[in-house]
Amino acid sequence: MTDHIGVEDFLKVDIRVGTIIRAEPFPEARKPAIKLWIDFGPELGEKKTSAQITAHYTPEDLPGRQVVAVTNFPPRQIGPFMSEVLVLGLSDPDGGIVLLGPDTPVENGERMH
């Protein structure tokens, strides 16, 4: 059973869309990952993160793709790289991560509601 939360709790989580502008391999990561630089529009600007998404994506596939991310977690050090946002995804049957994103382009920085 899932624990219920109130609307107030949900509204504390800042989930926004951004466009990946750069992606690079992250060979120093413990698990296979890709470094991402994401444009969240004029209010938030560019943020970086790493994501364990190598089962379905290569760094060459990702620039220009819109993704959904939690943007108000504190920065987190991942090896030599500082992650500033948490990109959201879902597990496929084999445990590979599939990115979440809009099916129609929207403005970078749009907040989920």
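Residue numbers for the sequence shown follow the numbering used here, beginning at 8 and rising by one.
Cβ coordinates follow ideal geometry from the N, Cα and C atoms, glycine included.
- DSSP places Asp46 in no alpha helix (DSSP H) but in the uninterrupted beta strand (DSSP E) bounded by Ile41 to Asp46.
- The Cβ-Cβ distance between His63 and Val94 does not fall below 7 angstroms.
- The beta-carbon distance between Ile45 and Ile22, rounded to whole angstroms, is 13 angstroms. This is too long to meet the 8 angstroms contact definition.
- Short of 8 angstroms from the beta carbon of Lys54, and not among the five residues preceding or following it, lie these beta carbons of its own chain, in chain order: Gly25, Trp44, Ile45, Phe47, Ala76, Thr78, Glu91 and Val92.
- Around the beta carbon of Thr65, fewer than 16 other beta carbons sit within 10 angstroms, so the residue counts as exposed.
- In terms of CA proximity to Glu117, Leu51 leads the group Lys42, Leu51 and Glu15.
- Rounded to the nearest angstrom, the gap between the Cα atoms of Ala40 and Gly102 is 14 angstroms.
- Straight-line measurement puts the Cα of Gly71 at about 10 angstroms from the Cα of Ala30.
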